[in-house]
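Okay, so here's the structure we're looking at.
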Amino acid sequence: MLKHIRKLILCAALFAAAGCAAQENIEADQLSVKFFNAGKADAILLYTDESAVLIDTGLDGFAPYILHTLNELDIQTLDTLILTHFDKDHIGSADEILESVEVGRVLVSDWPKDSDEYADLMAALETAGIESEVVFGDDQVSFMLDGAEYTIDGPDASDYDKDDSNNSSLIVTVQYGQTSFLLMGDAQNERIKEFLSQDSSEYDVLKVPYHGNYQKQLKNLIPSADPEYAVITCSASEGGEAKTLDLLEEYDIEVFLTSEGNVSIVSDGKNITASYD
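Residues in the sequence shown are numbered from 17 upward in steps of one, following this note's numbering.
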């Protein structure tokens, strides 16, 4: 009961923060990517006129904000829910999303976790009758939705020297026309190095891994990806590390912090615009 009350209070606060905006319209022939202001957590919605994909769901209690946004956009179905890894700041609201919205498929990493959030997720999947699809190693998954091509890269190693959970992150790339996005989850040095050994492409937008915490492999990732825009999912009290921000500035990359608001990036297939909601 207390948990339910807390969620109602959070919901009211989030709606107020959103300014009770009028219903938004989804433009045809464009891909919109919304990085939610979810604190030090990830929740990313990608949508077109005919498709919607949610990558991660933030902490427990964040679902009302996501659901409010889906309602404002008149999105009634998620084609795909991608859970990059099983840390609570990525799957915390997944159970409530699955209970509230029709979801076509769920993609996950192959690193189960002993946590309440993981148990809640498994129960919600069972109730929804959805069998999650594990992405691991060579089993790269690609699919096209309304002109947007998604590629999901799973971790290659069976274990990592440091932080198995973060290094198990699924890495998502999205190609829309001539524009592209690289979404790194919470990948740390070993996982970044692993990815770069397979992908040296340039991307227009980079979701900086692990909430902007500095890692040595960023010195290789950032010039390799060579983005125009970088997004860091962070809280006001735990923003991107100074060394990370300095490195992005060194390469003249425009940086957006979700601690300052929802970040909205829109592609028409040729050009990209980025702003705070």
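Glycine included, each C-beta is placed from N, C-alpha and C at the ideal position.
Cβ neighbours of residue i in the same chain (closer than 6 Å, five flanking residues each side left out)
i	result
ASP284	GLN46
SER48	TYR63, VAL282
ALA246	LEU222, VAL224, LEU264, ILE269, VAL271
GLN191	GLU165
ASN287	none
LEU137	ILE107, ALA110, ASP111
ASP58	ASP72, HIS106, THR249
Close Cβ partners of residue i (< 8 Å) along its chain, the five nearest in sequence each way excluded
i	result
ASP155	GLY170
ASP296	Here the chain covers residues 17 to 293 and nothing more, so residue 296 does not appear.
THR96	VAL69, LEU70, VAL119, GLY120, ARG121, VAL122, LEU123, PHE159, LEU161, TYR166
SER196	THR189, VAL190, SER217, GLU218, TYR219, ASP220, VAL221
CA nearest to the CA of residue i, picked from the options
i	options	result
SER148	TYR166, ASP162, TRP127	TRP127
VAL124	GLN231, THR73, MET160	THR73
SER67	ALA252, GLY255, ALA144, GLU118	GLU118
GLN194	ILE208, SER217, LEU137	SER217
SER253	ASP215, GLY55, LYS50, ILE42	GLY55
THR93	ASP103, GLN233, ASP65, PHE78	ASP65
GLU112	ASP58, THR100, PHE197, ALA140	ALA140
SER181	THR100, ASN53, PHE78, LYS50	THR100
MET200	ASP262, LEU234, ALA135	LEU234
THR289	TYR226, ASP220, LEU75	ASP220
ASP103	PHE51, ASP175, ALA44, ASP179	ASP179
Endpoints, the alpha helix (DSSP H) within which residue i is located
i	result
THR143	132 to 144
SER240	234 to 241
ASP169	ASP169 -> not in any alpha helix (DSSP H); beta strand (DSSP E) instead, spanning 164 to 169.
LEU75	No alpha helix (DSSP H) holds LEU75; DSSP gives it neither H nor E.
ALA258	258 to 266
ASP180	180 to 183
Close beta carbons around residue i, own chain, < 7 Å, minus the five adjacent residues each side
i	result
TYR267	ILE238, PRO239
ILE168	ILE98, LEU123, VAL151, GLN156, VAL157, LEU186, VAL188
Endpoints, the beta strand (DSSP E) within which residue i is located
i	result
TYR292	288 to 292
SER48	47 to 51
LEU212	Segment 205 to 212 is the alpha helix (DSSP H) holding LEU212; no beta strand (DSSP E) there.
LYS223	221 to 223
GLU66	Taken as a continuous stretch (DSSP letters only), GLU66 belongs to no beta strand (DSSP E), as it is neither H nor E.
SER280	279 to 283
SER196	195 to 199
SER158	157 to 161
GLN231	Neither: GLN231 is in no beta strand (DSSP E) and is coded neither H nor E.
THR249	Run containing THR249: none; DSSP gives neither H nor E here.
PHE272	270 to 273
TYR192	187 to 192
GLY120	118 to 124
7 Å Cβ cutoff, residue i in contact with chain D
i	result
LEU237	Absence of chain D from the displayed structure is noted, only one protein chain being present.
Presumed contact (8 Å Cβ cut-off) between residue i and residue j, rounded CB distance
i	j	result
GLY108	GLU133	5 Å
ILE71	ILE60	4 Å
GLU210	ASP172	5 Å
TYR230	THR260	5 Å
GLY228	GLY255	7 Å
ASP105	LEU86	Contact flag wrong, Cβ pair sits at about 20 Å.
ask   = Considering only residues of the stretch 83 to 116, which uninterrupted beta strand (DSSP E) runs meet the minimum length of 3 residues and lie entirely inside it, listed in chain order?
value = The DSSP assignment places complete beta strand (DSSP E) segments of no fewer than 3 residues inside the stretch 83 to 116 at 93 to 99, in order along the chain.
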